[in-house]
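Okay, structure first, notes after.
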Amino acid sequence: MAKKGNRVQVILECTEHKTSGQPGMSRYITTKNRKNTTARIELKKYNPVLKKVTVHKEIK
4 MAKKGNRVQV ILECTEHKTS GQPGMSRYIT TKNRKNTTAR IELKKYNPVL
54 KKVTVHKEIK
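In my numbering, the protein residues as written are 4 to 63.
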């Protein structure tokens, strides 16, 4: 029988893009281990609209 995994897919959304007023949205999909990382994650990722690296936070 297959084991139920602890890894889940999460969506990361840019925090600076909302305040810039530019159209569109920068989002990334990644996985995290639910057992080890219970809090929402924040990663620095590239935003192609703003053309710089920004903080992306996990959304539901």
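Ideal placement from N, C-alpha and C gives every residue a C-beta, glycine not left out.
*Going by the beta-carbon positions, is the gap between Val13 and Thr41 smaller than 8 Å?*
Counted from its first residue, the sequence shown places residue 13 at position 10. Counted from its first residue, the sequence shown places residue 41 at position 38. The criterion of a C-beta distance shorter than 8 Å is not satisfied by Val13 and Thr41.
*asked:* Judging by CA-CA distance, which residue of Arg10, Arg43, Ile44 and Tyr31 is the nearest neighbour of Asn50?
replied: Residue numbering aside, residue 50 sits at position 47 when the sequence shown is read from its first letter. Per the Cα distances, Tyr31.
*In this structure, does DSSP put Thr22 in helix, strand or coil?*
One-based indexing of the sequence shown puts residue 22 at position 19. If DSSP states are grouped into helix, strand and coil, Thr22 belongs with the helices.
*Which word fits Leu46, buried or exposed, when buried means at least 16 other C-beta atoms lie within 10 angstroms of its C-beta?*
To locate residue 46, count along the sequence shown from 1; it is residue 43. Result: exposed.
_Endpoints, beta strand (DSSP E) assigned at Val11_ = What you label residue 11 is simply residue 8 of the sequence shown in a count that begins at 1. Residues Arg10 to Cys17.
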